[in-house]
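Quick note on numbering that gives the first Met the number 0: the sequence shown kicks off at 0 and runs consecutively. Ideal Cβ placement from N, Cα and C applies to all residues, glycine included. Report on the structure given below.
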Amino acid sequence: MGDRTLVELPRMPAAGPLYRRAVLGALPGLGGGRRATDLPAVELATGGVSVDRAHLADYDRVCGFRLTDRLPATFPHVMGFPLTLRLMTAPEFPIPLTGVVHVGNRITVHRPITADETLDFTTYAQDLRPHDRGRQVDVVLVGSVGGEEIWRGVSTYLGRERTSGGGTRGERLEAPAATARWRVEPRVGTGYARVSGDHNPIHTSRLGARLFGFRRPIAHGMWSKARCLAALESRLPDAYTVEVAFKLPVPLPSTVSFALLPDGGFALHDSRGRPHLAGLLH
Numbered sequence: 000m001g002d003r004t005l006v007e008l009p010r011m012p013a014a015g016p017l018y019r020r021a022v023l024g025a026l027p028g029l030g031g032g033r034r035a036t037d038l039p040a041v042e043l044a045t046g047g048v049s050v051d052r053a054h055l056a057d058y059d060r061v062c063g064f065r066l067t068d069r070l071p072a073t074f075p076h077v078m079g080f081p082l083t084l085r086l087m088t089a090p091e092f093p094i095p096l097t098g099v100v101h102v103g104n105r106i107t108v109h110r111p112i113t114a115d116e117t118l119d120f121t122t123y124a125q126d127l128r129p130h131d132r133g134r135q136v137d138v139v140l141v142g143s144v145g146g147e148e149i150w151r152g153v154s155t156y157l158g159r160e161r162t163s164g165g166g167t168r169g170e171r172l173e174a175p176a177a178t179a180r181w182r183v184e185p186r187v188g189t190g191y192a193r194v195s196g197d198h199n200p201i202h203t204s205r206l207g208a209r210l211f212g213f214r215r216p217i218a219h220g221m222w223s224k225a226r227c228l229a230a231l232e233s234r235l236p237d238a239y240t241v242e243v244a245f246k247l248p249v250p251l252p253s254t255v256s257f258a259l260l261p262d263g264g265f266a267l268h269d270s271r272g273r274p275h276l277a278g279l280l281h
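Spelled out as structure tokens, the structure:
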């Protein structure tokens, strides 16, 4: 892991206090202000994380998966999310959590994972780089069993620092023919917050969404990815990589169209053909 210092935590952190720290840290005089210019040279780790089967079943229902003992590819992301949250809310992390935009996610499943397995997690940040709207960073989360890596997730986050510049987030493309259409109700925001621990108010509160420039709450990007994978569930091999780019947010409520593409890709777009998500399975 290069020059990073390994910090082992005795248990998975609680997400609630970390979110409160992030909100307080954004307020003037309470920790807000200038951020670090480089990444923290630390890798956080915690072991012995078991699967709560009731939690897994609740997650499966919210995201549209079948109820089985086999973990969806996106579920270890939820299991390890408090660890990444601890990393991203540290004072030395260069991008403040409040207002951060999740712009991409890549998951590699090395083999099937079942609910009776106990996972060890590590997380670290890499590749802090400029973007025309601010800075981007990759947060890596690795799940292992018995010292063997079985799962890896890489989330790309954008910290918005400027509004000028180009970008293709709102570009209009020729929308592929829809394989399915889904009605996404407001309960998706609160339901996914409950099962994921991601209580960012832009997903659960009209006021919270407006504070960050959205007219109404938006669906979590990782819910959109999970919902697409649920639609592909019968086609998934035992080992694969699935990557997505998050485009326009999915407002709550709305109707979205899911499309399968011939090259292993898939897409989610709105009723006007504008993209919400572009994905690739390989």
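query, result
"Could you check which residue in 45, 12, 68 has the C-alpha nearest to that of residue 6?", "45"
"Near residue 86, what residues of its chain come up, given a Cβ to Cβ distance below 8 Å and the 5 sequence neighbours on each side ignored?", "39, 41, 43, 92, 122, 123, 124, 138"
"Would you mind reading off the limits of the beta strand (DSSP E) that contains residue 154?", "147-159"
"Quick check: what's the CA-CA separation for residue 191 versus residue 219?", "7 Å"
"Straight-line CA distance for residue 111 to residue 149?", "8 Å"
"Out of 78, 231, 241, 12, state which residue places its alpha-carbon closest to the alpha-carbon of residue 118.", "78"
"Tell me, please, whether the CB atom of residue 235 is closer than 9 Å to any CB atom in chain D?", "Absent here is chain D; the protein component of the structure consists of one chain."
"Quick check on residue 263: buried or exposed, where buried means 16 or more other Cβ atoms within 10 Å of its Cβ?", "exposed"
"Going by the CB atoms, is the gap between residue 133 and residue 157 shorter than 9 Å?", "yes"
"Going by DSSP, what residues sit across from residue 137 in a beta bridge?", "125, 155"
"Would residue 179 be called buried (16 or more neighbouring beta carbons within 10 Å of its own) or exposed?", "exposed"
"For the alpha helix (DSSP H) containing residue 282, list its first residue and its last residue.", "Beyond the ends of the chain as shown, which are 0 and 281, falls residue 282; an answer cannot be given."
"From 75, 60, 266, 19, pick the residue whose C-alpha is nearest to that of residue 48; which is it?", "75"
"Roughly how many angstroms separate the alpha carbons of residue 187 and residue 226, rounded to a whole number?", "11 Å"
"Looking at residue 103 and residue 230, is the spacing between their C-beta atoms short of 9 Å?", "no"
"So which of 84, 109, 224, 116 has the shortest CA-CA distance to residue 12?", "84"
"Taking 8 Å as the line, does the beta carbon of residue 104 fall inside it for any heavy atom of the ligand MG?", "Within the structure as shown, the ligand MG is missing, as the structure has no ligands at all."
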